[in-house]
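926 is the number of the first residue of the sequence shown in this note's numbering; add one for each residue after it.
Glycine included, each C-beta is placed from N, C-alpha and C at the ideal position.
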Amino acid sequence: MAATRRVATRRVARRAAANVDTKKAVARRAAAGRVALGVVAVALTAGVAGCSSGSGGDVGAAGPGAAEKAPAPKKKVPGAPKAPAAPGSVLRLIGDGSTAFTGSQPKQPVAKRLAPGQKPPQFVVFSWDGAGEDSQKLFSHFREVGKKYHANMTYFLSGVYMLPEDKRELYDPPKHNAGSSDIGFNDTEGIRDTITQVRGAWEDGDEIGTHFNGHFCGPEGGVGTWSVDQWKSEISQAKSFVKHWKTNDPGLEEEKPLPFDYDKELIGGRTPCLEGQKNLVAAARTMGFRYDSSGVNNQVWPKKKDGIWDLSMQLVPVPGREFETLSMDYNFMFNQSGTTTQGDPDMHEYWGNQMRDGLLQAFDRSYDGNRAPLIIGNHFESWNGGTYMRAVEDTIATVCTKEGVRCVSFRQLADWLDAQDPATLAKLGTLDVGQAPEKGWTAFLDGAGTSGTGRTTGAGKAHAGPGGDKSGR
């Protein structure tokens, strides 16, 4: 992502053009793979509760501000081992110094197993595709939003945003000429700004995942046509651009390294247009990935697919419409202004409110129902006047302050899932969308409840209709 508005606009135009090219393929995939789920009429929560207290087993309970009295300084003992370095300080440079091992990531909660009969926390994941800092300064803005509301997030970094335009030939994408990219490349200023935000996000406790590289969609060489080996190449290149930006751009030699080993940090991603998940997972599970978020699902508890957690995008209500759509800004936009990214200005506020209210309805039916993690995806874009950015910020402010809610990264969610008793997760998986245990959580999770027996919050059932475009961007 370049640091100029011109380049940011060019990227949006390219993505919009790709959307038009793949619209028919998306419709076919949506018709073939439509997911049925219950739609509930849930009143939006009017108030915002204060910061909640943590309960045992909750990832995210150890948030910022949990202060304790500092002990008196101890007398230095000759020959005693040195104190560990502060988080983020350089311990060992890696490769050309673009990255460094600095110890464990700071501000990470401890994942604990649920006690028998304990109600699960309500997890919410806010994630960002193609994260990079440009002239809109949305990466830095949402980092501040996250800190304000104690929300960790996942930033899916596009590798080509770490590669300068004059080195574009270093990217050799599958089924395309070297130097090709549907989202362009970057410049020195843009890379520097992105490095600053990626570094700060990791130190904040956020996750740096991947949106891979060239963002190729559709049947003509798109990611959905790639083989397992081609996906391995794409992942390796995405890692390489993050690990070698000092070599690839001499103007950045004096910049501080990113404070992590990306080979170990990278454990998940989301594919362009949500295409190619099967072969991507087959490749990714051999390269350290623990989850993938490239599919379409209902608001139910996640399961593993081919050995890694399937933390797919979800279908959520579109208020005032008879269908559901993906929990992503692009998909709301597609159903509102079509393929144009700047529709009728008189509709901008309404469209943003529609997305916000749809996300809040989705949250309510999980929070009051099966407590399935809510997965939300976005882009750092000012589509339709930036109305979707406002919708997401309003949603963060509303849900992340509620009792029992943990706004976490995908890594933190995967850590919590890995810590649970498989039998508990299997029991949670019997609950349908919006379905709360009929006899309460204590009975349901201590073995006293009947498997799958519950009540559905709200009323009525519906399917995602033809207006519910399923492609992510």
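Item to check | Rounded distance between the beta-carbons of Phe1335 and Ser1218, thought under 8 Å | outcome: 6 Å
Checklist entry - Taking Gly1139 as the reference, which of Lys1100, Glu1114, Glu1128, Gln1337 has the closest Cα? => result Lys1100
Next on the checklist: Taking 6 Å as the limit between beta carbons, can you name the residues of its chain near Ile1160, skipping five residues before and five after?
Outcome noted: Met1212
Next on the checklist: Short of 8 Å in beta carbon distance, which residues of its chain neighbour Leu1177, apart from the five on each side in sequence? Order them along the chain.
Outcome noted: Thr1113, Ile1116, Arg1117, Ile1120, Trp1170, Lys1171
Checklist entry - Any beta-carbon of chain D closer than 8 Å to the one on Ser1052? => result The chain inventory of the structure shown lacks chain D, comprising one protein chain alone.
Checklist entry - Residue range of the beta strand (DSSP E) that Asn1303 falls in? => result 1299-1304
Checklist entry - First and last residue of the beta strand (DSSP E) that includes Leu1401? => result There is no way to answer for residue 1401, as the model of the chain reaches only from 926 to 1398.
Checklist entry - With a Cβ-Cβ cutoff of 8 Å, do Ala1316 and Met1272 count as a contact? => result no
Next on the checklist: Could you tell me the alpha carbon to alpha carbon distance between Lys1229 and Glu1179, rounded to whole angstroms?
Outcome noted: 42 Å
Item to check | Where Met1272 falls: helix, strand or coil (DSSP) | outcome: helix
Item to check | For Gly1055, the first and last residue of its enclosing beta strand (DSSP E) | outcome: 1047-1056
Checklist entry - Looking only at its own chain, which residues have a Cβ that is under 6 Å from the Cβ of Thr1312, when we skip the five neighbours before and after it? => result His1273, Trp1276, Gly1277
Item to check | Continuous alpha helix (DSSP H) assignments of at least 4 residues falling wholly in the segment 1044-1124 | outcome: 1063-1073
Next on the checklist: Helix, strand or coil for Glu1128? Go by DSSP, reduced to three states.
Outcome noted: helix
Checklist entry - Within 10 angstroms of its Cβ, does Gly1147 collect 16 or more other Cβ (buried), or is it exposed? => result buried
Checklist entry - Among Asp1289, Gly1359, Leu1199, Leu1251, which one has its Cα closest to the Cα of Cys1142? => result Leu1199
Checklist entry - Buried or exposed: where does Asp1107 fall if 16 or more other Cβ atoms within 10 Å of its Cβ makes it buried? => result buried
Next on the checklist: If I follow the unbroken alpha helix (DSSP H) through Val1167, where does it start and stop?
Outcome noted: 1153-1168
Next on the checklist: Can you find the residues in the same chain that come closer than 8 Å, C-beta to C-beta, to Asp1235, ignoring five residues on each side of it along the sequence?
Outcome noted: Tyr1216, Asp1217, Gly1220, Asn1222, Pro1227, Lys1228, Lys1229
Next on the checklist: For Leu1191 and Thr1135, which I take to be in contact (beta-carbon distance under 8 Å), what is that distance rounded to the nearest angstrom?
Outcome noted: 6 Å
Checklist entry - Quick one: what does DSSP say Phe1026 is sitting in, helix, strand or coil? => result strand
Next on the checklist: Please list the terminal residues of the continuous alpha helix (DSSP H) segment that includes Gln1261.
Outcome noted: 1254-1262
Next on the checklist: Whether or not the segment 1292-1302 and the segment 1032-1048 are in contact is what I'm after, with contact meaning three or more pairs of Cβ atoms, one per stretch, closer than 8 Å; do they touch?
Outcome noted: yes
Checklist entry - When DSSP labels each residue in this structure, what does Cys1198 get in the three-state scheme? => result helix
Checklist entry - Is it right to say Asn1260 is buried, meaning 16 or more other beta carbons lie within 10 angstroms of its own, or is it exposed? => result buried
Next on the checklist: According to DSSP, simplified to helix, strand and coil, what is Val1206?
Outcome noted: helix
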